[in-house]
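K.L.:
Handing you a structure now.
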Amino acid sequence: MLGHPVFPEQEPHEHQPAVDGVVIEDSENVIEIRDLMYSRGARVIFKNLNLTIKRGEITALMGPSGTGKTTLLRLITRQLVPQHGAILINGVDIATLNTRELYVLRRRFGMLFQNGALLTDLNVFENVAFPLREHTKLTNRLIRHVVLTKLHAVGLRGAADMMPAELSGGMARRVALARAMVMDPEILIYDEPFVGLDPISMGVIVRLVRRMNDALGITSIVVSHDVAEVSTVADRSYLISDGKVAASGSPGELSAANSELVRQFMHGMADGPVAFHFDAPDYEEQLLGRDSG
Amino acid sequence: MRTLIRDLYNNLVEFVRTFGAFQLFFLRVLSHAPQMVFGRPGLVVKQIYNAGALSLVIIMVCGFFVGGVLGLQGYSNLARFNAADSVGALVALALIKELGPVITALLFAGRAGTALSSEIGLMKATDQLSAMEMMAVSPVKRVLVPRFLGGVVAMPLLVAIFTCIGLFGAHIVAVDLLSVDVGAFWQQMQLSVDMEDIQEGVLKSFVFGIVASLLAVWEGYNAIPTAEGVGRATTRTVVITAISVLILDFMITAVML
Chain A
22 MLGHPVFPEQ EPHEHQPAVD GVVIEDSENV IEIRDLMYSR GARVIFKNLN
72 LTIKRGEITA LMGPSGTGKT TLLRLITRQL VPQHGAILIN GVDIATLNTR
122 ELYVLRRRFG MLFQNGALLT DLNVFENVAF PLREHTKLTN RLIRHVVLTK
172 LHAVGLRGAA DMMPAELSGG MARRVALARA MVMDPEILIY DEPFVGLDPI
222 SMGVIVRLVR RMNDALGITS IVVSHDVAEV STVADRSYLI SDGKVAASGS
272 PGELSAANSE LVRQFMHGMA DGPVAFHFDA PDYEEQLLGR DSG
Chain B
212 MRTLIRDLYN NLVEFVRTFG AFQLFFLRVL SHAPQMVFGR PGLVVKQIYN
262 AGALSLVIIM VCGFFVGGVL GLQGYSNLAR FNAADSVGAL VALALIKELG
312 PVITALLFAG RAGTALSSEI GLMKATDQLS AMEMMAVSPV KRVLVPRFLG
362 GVVAMPLLVA IFTCIGLFGA HIVAVDLLSV DVGAFWQQMQ LSVDMEDIQE
412 GVLKSFVFGI VASLLAVWEG YNAIPTAEGV GRATTRTVVI TAISVLILDF
462 MITAVML
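Chains A and B, in that order, give the protein sequences. Position in the first sequence (first residue = 1) + 21 = the working numbering. Position in the second sequence (first residue = 1) + 211 = the working numbering.
Right, dumping it as structure tokens:
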């Protein structure tokens, strides 16, 4: 499907080289979240959240809408700062890093944003080339080679000259995926990677996620509602609900779980502990205008 | 009464806090400026084109008509004192010292300033700035600084063009339409305008360039990332720039008199 091997087998780095004089050692648990508390205004998003993401695994973060999955990704990458608790990346509390150290750390991340977040003044090729131009001194010829390889992997080599405004939502997301992996990151974060993809693209992307993870020895975090697709690719899943981890385990273990909440989510049932309706006054009373509001 | 005093106090504290943040933001932008000028001149040149070249039409059209109006008003008022020949001097001093820098800055705020604010605000709303952060690229350095520098460089050039076109407009009106002697028109101008007058105009154009560009990128960067928030930021850019330019114009004029 992909033509030729895009990601040749390679040994993951055992010792990280210094980047800008900053060395971040590897550890078995790539990410550890301890007693995380985060609230926005009066609304508590997380209360004593604990989870661990192991090196080389694909970890899925799932949960009903509004549970703060994207917020959790932003906390992990320190785009947001928690009110309490610690987030350790390779054993280092990211809250203690200064800006330079944080940027060095972020070079080891690749992130696929929910809406793609392509730079609208650059074409597809330049969007994918952006991190290479900013962080490396590669020749234009080499950059061209790398970018075309990544675009080929997501099936959009032919769209290299198009502008983001000319792309469909699914195409934009695939370009963003190419950009996220262009620096060969150690940790790839996908925020809703399967939304807006047609079945063919989704199949290719799912296999690509698995293949990149195994071939490059990276660690992947996938936030998705798509239980079926995530289950085919994830090694471990965390189900987040009500501000904490409601269940965790392999997709198979979660599917077989007895918990009412887990069963409701994994099997997409309308009835269960997670209410479909947001808190509201009585429907009939409100329609008849008899509610106090 | 107590509520009023408390509101006033809160507003004052908020103003001081915002003003302090604005100054820190200015220092942050300045600290990256040399790196951008010498390391990535292409990015700055592109923004000079966006802020300067793309504003040329509005600047030239407005400059022509402002000069023309000055020619008309100057002629009709000076003619009462038999001093119509001095219309060239009046137009030149008005354009070089005041109207050139001030009107160009106001037009710049309306065209380039709003474009900068809305562009940066939309980049924020569509996660482009967050994506840059995640790629370990500082959005302040990569996005804001080139746009700020582009505005700072473009403004004096636009002021010079506005002034020249204004003088041309005044010449058309006064000399060609109202029959003021062409020799007197230019000679009076040459005799009246000193290097100090030009220095004042150049100083104002640089100061207004800094203020207008900085406010535009500040408002865009701090916009609430929604359609409404970006709209508000764009409006605020024009309003605050206009007020700041007029206040600064008064202060610089008072100091340089």
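Built from N, CA and C at the ideal position, the CB exists for glycine as well. Given the structure is predicted, the values throughout are model-derived calculations rather than measurements.
1. Measure the CB-CB distance between A/Val-59 and A/Gln-104 and report whether it falls below 8 Å.
2. Work out the CA separation of B/Ala-347 and A/His-34 for me, nearest whole Å.
3. Any idea what DSSP makes of A/Glu-53, helix, strand or coil?
4. How would you call B/His-382, buried or exposed, if buried means at least 16 neighbouring beta carbons within 10 angstroms?
5. The alpha helix (DSSP H) that contains B/Asn-261, what's its start and end?
6. I want to verify the contact list: residues of chain A whose CB lies under 7 Å from the CB of B/Met-345, in sequence order.
7. Residues of chain B with CB closer than 8 Å to the CB of A/Thr-170, please, in chain order.
8. Taking A/Asn-136 as the query, report the chain B residues whose CB atoms sit under 9 Å from its CB, ordered along the chain.
9. Looking only at C-alpha atoms, which of A/Glu-305, A/Phe-286 and A/Glu-155 sits nearest to A/Phe-297?
10. Using a Cβ-Cβ cut-off of 7 Å (strictly less than) and excluding sequence neighbours within five positions of A/Asn-234, which residues of its own chain qualify?
11. Determine the DSSP secondary structure at A/Val-225, reduced to helix, strand or coil.
12. Compute the Euclidean distance between the alpha carbons of A/Arg-61 and A/His-173, then round it to the nearest angstrom.
13. Can you name the residues of chain A whose CB is closer than 7 Å to the CB of B/Leu-424?
14. Could you tell me whether the Cβ of B/Val-348 comes closer than 8 Å to any Cβ of chain A?
15. Opposite B/Gly-332 in the DSSP bridges: which residues?
16. Alpha carbon to alpha carbon, how far is B/Leu-219 from B/Val-363?
17. What are the start and end residues of the beta strand (DSSP E) that includes B/Asp-408?
18. With a cut-off of 8 Å on the beta carbons, I'd call A/Gly-131 and A/Met-223 a contact; round off their distance for me.
19. If you measure between the beta carbons of A/Leu-260 and A/Ala-249, is that distance less than 8 Å?
20. Does any CB atom of chain B fall closer than 8 Å to the CB of A/Thr-141?
21. Report buried or exposed for B/Met-247, applying the criterion of at least 16 other Cβ atoms within 10 angstroms of its Cβ.
22. How about A/Ala-199 and A/Val-149: are their beta carbons less than 8 Å apart?
23. Grouping DSSP H, G and I as helix and E and B as strand, with all else coil, what is A/Arg-154?
24. Quick one: grab the DSSP three-state call for A/Ala-267.
25. Does DSSP put A/Ala-81 in a helix, a strand or coil?
26. Can you check the stretch 123-170 of chain A for any beta strand (DSSP E) of at least 3 residues that lies completely inside it and give the ranges in chain order?
27. Here's the rule I'm using: 16 or more other beta-carbon atoms within 10 Å means buried, otherwise exposed. How should B/Thr-452 be labelled?
28. Is B/Leu-369 closer than 8 Å to B/Val-428 when the C-beta atoms are compared?
29. Is A/Lys-75 near A/Asn-111, with beta carbons less than 8 Å apart?
30. Count the other CB atoms within 10 Å of the CB of A/Tyr-304; is the residue buried (16 or more) or exposed (fewer)?
31. Between the C-alpha atoms of A/Ile-226 and A/Gly-310, what's the straight-line distance to the nearest angstrom?
32. If you run the structure through DSSP and keep just helix, strand and coil, what is B/Asp-460?
33. Measure the Cβ-Cβ separation of A/Ser-262 and A/Pro-85 and say whether it is below 8 Å.
34. Alpha carbon to alpha carbon, what distance is there between B/Leu-283 and A/Glu-147?
35. On a Cα-Cα basis, can you pick out the residue from A/Val-244, A/Thr-170 and A/Asn-71 that is closest to A/Met-202?
P.N.:
With the structure as the only source:
1. The sequence as given places Tyr at residue 59 of chain A; Val does not occur at that position. Closer than 8 Å, so yes.
2. Low confidence applies to A/His-34: its pLDDT is 46, below 50, so where it sits in the model is not reliable, and the reading given next is rough at best. Between the alpha carbons of A/His-34 and B/Ala-347 lies a gap of roughly 21 Å.
3. strand
4. B/His-382 comes out buried.
5. 252-262
6. Thr-98, Arg-127, Phe-130 and Met-132
7. Residues of chain B passing the Cβ test: none, with the nearest at roughly 18 Å.
8. Thr-337 and Asp-338
9. A/Phe-286
10. Ile-79 and Ser-241
11. helix
12. 41 Å
13. The sequence given here places Ser at residue 424 of chain B; Leu does not occur at that position. Simply none; closest approach about 18 Å.
14. Yes - at least one Cβ of chain A is within 8 Å of the one on B/Val-348.
15. Partner(s): none; B/Gly-332 has no beta bridge.
16. 35 Å
17. According to the DSSP assignment, B/Asp-408 belongs to no beta strand (DSSP E) but to the alpha helix (DSSP H) extending over 406-432.
18. No, A/Gly-131 and A/Met-223 are not in contact; Cβ-Cβ is about 19 Å, not under 8 Å.
19. no
20. yes
21. buried
22. In this structure, A/Ala-199 lies near A/Val-149, with their beta-carbon atoms less than 8 Å apart.
23. Helix, per DSSP.
24. DSSP, reduced to helix, strand and coil, places A/Ala-267 within a strand of the structure shown.
25. A/Ala-81: strand per DSSP, three-state reduction.
26. Fully enclosed beta strand (DSSP E) runs of 3 or longer: 130-133.
27. buried
28. Against a cut-off of 8 Å, the Cβ pair of B/Leu-369 and B/Val-428 comes out as no contact.
29. The criterion of a C-beta distance shorter than 8 Å is not satisfied by A/Lys-75 and A/Asn-111.
30. exposed
31. 50 Å
32. helix
33. yes
34. 53 Å
35. Checking every option, the nearest Cα to that of A/Met-202 belongs to A/Thr-170.
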